[in-house]
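Asker: Sending over a structure as structure tokens; questions will come in a sec.
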Amino acid sequence: MNKNILNMAEMDRRALLKAAGMGALALTGAGIASTANATPEGAAAYLGKITGGASGMANSPKVTINLPEIAENGATVPLTVSVDSPMTAGDHVKHIHIVAEGNPSPEVISFNLTPSNGKAEVATRMRLGKTQNVVAAAVMSDGSVHTNLKSVKVTIGGCGG
Numbered sequence: 601m602n603k604n605i606l607n608m609a610e611m612d613r614r615a616l617l618k619a620a621g622m623g624a625l626a627l628t629g630a631g632i633a634s635t636a637n638a639t640p641e642g643a644a645a646y647l648g649k650i651t652g653g654a655s656g657m658a659n660s661p662k663v664t665i666n667l668p669e670i671a672e673n674g675a676t677v678p679l680t681v682s683v684d685s686p687m688t689a690g691d692h693v694k695h696i697h698i699v700a701e702g703n704p705s706p707e708v709i710s711f712n713l714t715p716s717n718g719k720a721e722v723a724t725r726m727r728l729g730k731t732q733n734v735v736a737a738a739v740m741s742d743g744s745v746h747t748n749l750k751s752v753k754v755t756i757g758g759c760g761g
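Reminder that position 67 of the sequence shown reads as 667 in the numbering used here, one-by-one numbering, no gaps.
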């Protein structure tokens with residue numbers, strides 16, 4: 601009799617684990633299905649939100665984006681952003697925000713700077729899901745915002761994309 605009770609307990613445990621696994625799989629699938637790509641409008645709205653709606657200078661010569669024109673591997677695209685600023689206590693870059701217009705979510709990364717940085721330049725690698733525009737926004741100490749945009753063609757295995 602004890603053996604029958606043990607077999608029933610094992611079956612119940614297995615059924616429970618199977619159900620839990622199926623539930624986790626369903627949640628993962630729902631999460632993947634609900635990811636929507638960012639749009640230029642969504643990226644602009646996100647930038648407006650994180651910059652406090654400050655109006656700024658688009659295509660500012662103060663902001664330089666260094667990205668490859670063609671990225672053969674969208675999983676690791678090198679990015680450098682520099683901002684022409686004296687980086688003094690009275691005039692410096694407070695934040696540099698990077699936004700991608702075609703990724704599942706527009707926000708890529710935000711950097712916080714102080715005059716102690718000495719130079720307003722940041723570098724990272726980012727993932728780009730497809731050919732798209734990348735926007736860099738520099739929020740200055742006076743509240744103004746300077747942005748610039750660069751288009752990147754993401755190829756798939758070097759065969760176009």
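C-beta: ideal position from N, C-alpha, C; glycine also.
How about N712 and H697: are their beta carbons less than 8 Å apart?
Answerer: no
Asker: If you draw a straight line from the C-alpha of A750 to the C-alpha of N733, how long is it?
Answerer: Before going further, note that residue 750 is Lys rather than Ala in the sequence given. Each residue's Cα considered, the two are about 6 Å apart.
Asker: Hey, quick one: how far does the beta strand (DSSP E) through A643 stretch, first residue to last?
Answerer: A643 -> not in any beta strand (DSSP E); alpha helix (DSSP H) instead, spanning 640–650.
Asker: If we call anything under 8 Å between Cβ atoms a contact, is A738 one with V745?
Answerer: Their beta carbons are under 8 Å apart, which means A738 touches V745 by this criterion.
Asker: Count the other C-beta atoms from every protein chain shown that fall within 10 angstroms of the C-beta of A645, then say buried if there are 16 or more, exposed otherwise.
Answerer: exposed
Asker: Could you give the distance in angstroms between the alpha-carbon of A700 and the alpha-carbon of V708?
Answerer: 7 Å
Asker: Taking 8 Å as the threshold (C-beta atoms), are E669 and K753 in contact?
Answerer: yes
Asker: By the three-class DSSP mapping on this structure, what secondary structure does N717 have?
Answerer: helix
Asker: May I ask you to report which of helix, strand or coil DSSP gives K730?
Answerer: coil
Asker: Taking the alpha carbon of L667 as the point to measure from, which residue in T680, A643, N659 has its own alpha carbon closest?
Answerer: T680
Asker: Output needed for T724: all residues of its chain with C-beta closer than 7 Å, excluding positions within five of it in sequence on either side, in chain order.
Answerer: Excluding residues within five positions, the ones whose Cβ falls inside 7 Å are L679, I709.
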